[in-house]
Each structure stands twice: as C-alpha cells, then as structure tokens.
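Our numbering applies: residue 18 is where the sequence shown begins, and numbers increase by one.
Beta carbons are placed, not taken as given, at the ideal position from N, Cα and C, and that holds for glycine.
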Amino acid sequence: MVDIKTTKENDICKIVAVGEVDASSSIELDNAMKSAFETEKKIIVDLSGLEYISSAGLGVFVSHLEDIRSGINLVLFGLSPSVLQVFELLGLPQLIQIASTEEEALNKLN
18 MVDIKTTKEN DICKIVAVGE VDASSSIELD NAMKSAFETE KKIIVDLSGL EYISSAGLGV
78 FVSHLEDIRS GINLVLFGLS PSVLQVFELL GLPQLIQIAS TEEEALNKLN
C-alpha cells in the first residue's frame, strides 16, 4: 500500500510517495503523475518514504518518459539504496533525473 500526497508551492508540484508501490498501488502513483503532468511543468517526486517498488511501480515512471521528453521537468529524490539500485539496473538514471535531496532536486529544476 502507498500513500500519495501532491502539493504545489510556487510553480513546483511535489508528489510524495510513502509505503510500497506494487501492482495494485501503482495505479495511485500513475494517477498522481498523470494529473500533475496535465497542468505542471516542474515536478519533484519524494521517494524517501518508499520502502519497496515493484516492476509495475517502475513501469509508471517508464510509461511517462514521453511526457518527460516533451517538456516536463521531473526530478525524483530521496531514493533508498535498494530502490536506487533497481532504478540503476534498468538504466533509468540516464532517462530520468535523480537527486539525493529535495534541495538538489529543486536545483536541478532551475
């Protein structure tokens, strides 16, 4: 189960995911990202509270690569070593910006 919260400050949308993103809960993450992509250009995703991500959860990010290429500035941050390792195995850091901290993520947006 995952808890997703979306907030907006200035021109930056922040999505926070806490818990586990698996096949059933990946839909919540996907819906939050789709909603943000419809209206926002600068989005940070806080994954510091993410304990686990399944292939379905990773698929959410992969499915939005076209949106990212079309002008959405997206930065993920706070990935635990185990979650980051999964992203690295798939080569996602070459396709999606990843930062260690929220401050670094915000700097990458500018």
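- Residue range 82-86 is occupied by the alpha helix (DSSP H) that includes Asp-84.
- By the criterion of at least three beta-carbon pairs nearer than 8 Å, the stretch 40-50 is not in contact with the stretch 104-118.
- Less than 8 Å separates the beta-carbon of Leu-109 from that of Phe-78.
- The beta-carbon separation of Gly-88 and Leu-46, rounded to 21 Å, does not stay under the 8 Å limit for a contact.
- DSSP, reduced to helix, strand and coil, places Lys-51 within a helical segment of the structure shown.
- One thing to note: Glu-37 has its Cβ no nearer than 8 Å to the Cβ of Val-62.
- When only Cα atoms are considered, Leu-91 and Val-33 end up about 13 Å apart.
- Within its own chain, the residues whose Cβ lies closer than 6 Å to the Cβ of Asp-39, once the five positions on either side in sequence are excluded, are Ser-71, listed in chain order.
- Collapsing the DSSP output to three states places Thr-24 in a strand.
- By the beta-carbon neighbour count (other beta carbons within 10 angstroms, threshold 16), Ser-42 is buried.
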